[in-house]
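**Student:**
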Amino acid sequence: MIDIRLLRADPDVFKAAAKVKYIDVDIDALLEVDGRLLSAQQALQELRTEQNAQGKKIAQLKGDDKAAAIEEMSRLKAQARQFNDQIAELKPTFDELMLLLSQPPAEDVPVGADDTDNVELRTEGEIRQFDFEPLDHVKLGEALDIIDLPRGVKLAGTRSYVLKGAGSL
Numbered sequence: 000m001i002d003i004r005l006l007r008a009d010p011d012v013f014k015a016a017a018k019v020k021y022i023d024v025d026i027d028a029l030l031e032v033d034g035r036l037l038s039a040q041q042a043l044q045e046l047r048t049e050q051n052a053q054g055k056k057i058a059q060l061k062g063d064d065k066a067a068a069i070e071e072m073s074r075l076k077a078q079a080r081q082f083n084d085q086i087a088e089l090k091p092t093f094d095e096l097m098l099l100l101s102q103p104p105a106e107d108v109p110v111g112a113d114d115t116d117n118v119e120l121r122t123e124g125e126i127r128q129f130d131f132e133p134l135d136h137v138k139l140g141e142a143l144d145i146i147d148l149p150r151g152v153k154l155a156g157t158r159s160y161v162l163k164g165a166g167s168l
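If you want it as structure tokens, here you go:
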């Protein structure tokens, strides 16, 4: 997951990354939700600190002063509930937007429109020569009956597969 502090510090980097990776995410909306969430969390923390101080104060008071302090504690609890509700409302939206984000690509990564624009930058090791035509992993998996592409696509979408039989061990 993206470090929110990095996003807050330099949102333009993440906007550019989303554009390059063709990801549709409203980073400004995410930052706005983040700001509201952060202020609600800070306000809740301040209220809890105040509640703790009020609780210690109540233990030492007597009579009318104690009743007034208890009433103040009730008011603080009601405010805390409001902030908790606000946080509970904002958190799912924040999480959903954060999950749409992607890490910015390294600066030396070439940019392309889709997979067909991928560029081979380097190869490792020697390319082995066979006296037969090697099978790719998909054909090999289907021949061994350990992979089910149609079911994987049906379950999870494009480029998905399901391992079965000995392939799932």
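Using numbering that gives the first Met the number 0, you'd call the opening residue of the sequence shown number 0 and step up by one each time.
Ideal Cβ placement from N, Cα and C applies to all residues, glycine included.
Bear in mind that the values here come from a model prediction, so they are computed numbers and not experimental data.
Output yes or no for whether 8 Å exceeds the beta carbon distance between residue 16 and residue 104.
**Tutor:** yes
**Student:** Once the 5 residues before and after residue 118 are set aside, which same chain residues still bring their CB inside 8 Å of it?
**Tutor:** 109 and 111
**Student:** If you follow the alpha helix (DSSP H) that residue 54 is in, where does it begin and where does it stop?
**Tutor:** 26-59
**Student:** Looking at C-beta atoms only, is the number of pairs between the region 30-46 and the region 73-85 that lie closer than 8 Å three or more?
**Tutor:** yes
**Student:** Taking just the CA atoms, how far does residue 35 sit from residue 62?
**Tutor:** Taking the straight line from one Cα to the other gives about 40 Å.
**Student:** Tell me the DSSP secondary structure of residue 139 in three-state form.
**Tutor:** helix
**Student:** Hey, residue 75 and residue 50: beta-carbon distance below 8 Å or not?
**Tutor:** yes
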